[in-house]
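Engineer: Following this message is one structure expressed as structure tokens.
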Amino acid sequence: MYLFYIDESGNRDFSHLEKERFYILTAVGMYENHWKRFHFDITRFKQSIIDRIMRDEGIKLDVSTDAEVKSTYLRNPKERDKHPFSKFQTDTERLKLSSMFYDQLKQCKAVLISAVIDKQAILPNSHLADQKAIHLKAWELLCERIERYMTEAHPKHKAILITDDTGKQRNLQTTTAQITFYERGATSGLHFKHIIEMPLFVRSETCEGVQLADLCCYNVYRRFSQDDPDYPFYKRIAPFFYNSDNTDKEKVDGLKIFPPTSPFAKK
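Reading the sequence shown from the start, the letters are residues 15 to 281 in this note's numbering.
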């Protein structure tokens, strides 16, 4: 079994496209046997930070629910200050913890897959110019790339998709779409033979895998929103994108940019 942790960056809204041009889903995939090491490597260090915060600040935190790592907290001091685990970390602890997350990509032989939606390249009268439709399209494109990766690299295994709980209504939309893709295939004609038909929704604060997906997804967002392929944290994760042995070596098969009319799709 392969576990694919999924998170989003940007937003689904079609207003203010000059500031919020991209909507991105990113999946981090790893073999099930790597999960235990990944989980405990991260949580052991989180617990050491929690113990130090308890000694220094007298604040009691639970590693299972109070120790979320998010790109927003790393970048934004105001957001960081709202969460004691992030607020009371030292700079050294914060840097080491984020580095430990990225190190897991290599240690767990992980694979990255992203669907990048350029909302500016979607016509205003298109049926895709809608918050629900754009998410479901991104989800479909992500599933297609996961299915192709599994078919090529791990044909005897199944894949389960684990994603952030974004609320009952949105979860239901995603579940319904995935069941439809599973039963009828994607609009491209691809049928899903390796992806389990039901996604699993989890609270991000309880799941290190979704937290890693959050960090990676923001780096993809930052790369496209600033048109900066040399962004250091993007360059750190770039080697882990899925690359097929059956396509041109210059093509990054795990990075799908939509629609094809986007200028980024031609780079």
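Glycine residues also receive a C-beta, built at the ideal position from the N, C-alpha and C atoms. All values reported here derive from a predicted model rather than from experimental measurement.
1. Measuring CA to CA, which of Gln183, Cys230, Asp178, Gly24 is closest to Cys221?
2. Is Gly268 closer than 8 Å to Leu155 when the C-beta atoms are compared?
3. I'd like the list of long-range same chain contacts for His53, defined as Cβ closer than 6 Å, with 5 residues on each side in sequence excluded.
4. When you compare the CB positions of Ala191 and Trp153, do they come within less than 8 Å of one another, or not?
5. For Ser85, which residues in the same chain have their Cβ closer than 7 Å to its Cβ, ignoring the five residues on either side in sequence?
6. Going by the beta-carbon positions, is the gap between Val234 and Tyr248 smaller than 8 Å?
7. My assumption, with CB atoms under 8 Å, is that His297 sits in contact with Lys123. Please give the rounded CB distance.
8. Which first and last residues belong to the alpha helix (DSSP H) in which Ile285 is found?
9. Which residues in the same chain as Val77 place their Cβ atom closer than 7 Å to its Cβ, once the five residues preceding and following it in sequence are excluded?
10. Hey, could you find the ends of the beta strand (DSSP E) Ser23 is sitting in?
11. Kindly list the residues whose CB is nearer than 7 Å to the CB of Ala81, restricted to its own chain and excluding five residues on each side of it in sequence; keep chain order.
12. Rounded to the nearest angstrom, what separates Leu114 and Tyr163 at their Cα positions?
13. Could you spell out the range, first to last residue, of the alpha helix (DSSP H) harbouring Val234?
14. Would you mind giving the Cβ-Cβ distance between Gln187 and Lys146, rounded to the nearest angstrom? I have them listed as a contact below 8 Å.
15. Roughly how many whole angstroms lie between the Cα atoms of Gly24 and Phe255?
16. Do you know whose CA, among Phe272, Thr40, Arg51, Met15, lies nearest Asp117's CA?
17. Using a threshold of 8 Å, state whether the C-beta atoms of Ile209 and Ile160 are closer than that.
18. Helix, strand or coil for Ser128, going by three-state DSSP, please let me know.
Structural biologist: In short:
1. What you label residue 221 is simply residue 207 of the sequence shown in a count that begins at 1. Cα-wise, what sits closest to Cys221 is Asp178.
2. The residue given as residue 155 occupies position 141 in the sequence shown. The residue given as residue 268 occupies position 254 in the sequence shown. In this structure, Gly268 does not lie closer than 8 Å to Leu155 by Cβ.
3. In the sequence shown, counting from the first residue as 1, residue 53 sits at position 39. So the list reads Glu222, once near-sequence residues are dropped.
4. Here residue 191 refers to the residue found at position 177 of the sequence shown. Here residue 153 refers to the residue found at position 139 of the sequence shown. Contact flag set, yes.
5. The sequence position of residue 85 within the sequence shown is 71, counting from 1. For Ser85, where only same-chain residues beyond five positions count, the Cβ hits under 7 Å are Asp228, Leu229, Tyr232.
6. To locate residue 234, count along the sequence shown from 1; it is residue 220. To locate residue 248, count along the sequence shown from 1; it is residue 234. A contact, by the Cβ cut-off of 8 Å.
7. Since the first residue of the chain shown is 15 and the last is 281, residue 297 is not available in this structure.
8. Residue 285 lies beyond the stretch modelled for the chain, which goes from 15 to 281, so this question has no answer here.
9. Residue 77 sits at position 63 when you count from the first residue of the sequence shown. Answer for Val77: Thr57, Lys60, Gln61, Ile64, listed in chain order.
10. Taking the sequence shown and counting its residues from 1, one reaches residue 23 at position 9. Taken as a continuous stretch (DSSP letters only), the beta strand (DSSP E) holding Ser23 covers 16-24.
11. Stepping through the sequence shown from its first residue, residue 81 is reached at position 67. The residues are Lys60, Ile64, Leu75, Phe99.
12. For the purposes of this step, residue 114 is taken as residue 100 along the sequence shown, with counting starting at 1. For the purposes of this step, residue 163 is taken as residue 149 along the sequence shown, with counting starting at 1. In the sequence on display, residue 114 carries Met and not Leu. Those two C-alpha atoms are separated by around 26 Å.
13. Mapped onto the sequence shown, residue 234 falls at position 220. Here the alpha helix (DSSP H) through Val234 covers 222-239.
14. Against the sequence shown, residue 187 aligns to sequence position 173. Against the sequence shown, residue 146 aligns to sequence position 132. Gln187 to Lys146, Cβ: 6 Å. Contact.
15. Locating residue 24 in the sequence shown gives position 10, counting from the first residue. Locating residue 255 in the sequence shown gives position 241, counting from the first residue. Computed Cα separation, rounded: 20 Å.
16. By one-based count along the sequence shown, residue 117 stands at place 103. The shortest C-alpha separation from Asp117 is found at Arg51.
17. Taking the first residue of the sequence shown as position 1, residue 209 is located at position 195. Taking the first residue of the sequence shown as position 1, residue 160 is located at position 146. The answer is yes: Cβ separation under 8 Å.
18. Counting from 1 along the sequence shown, the entry for residue 128 is found at position 114. Ser128 falls in the strand class under three-state DSSP.
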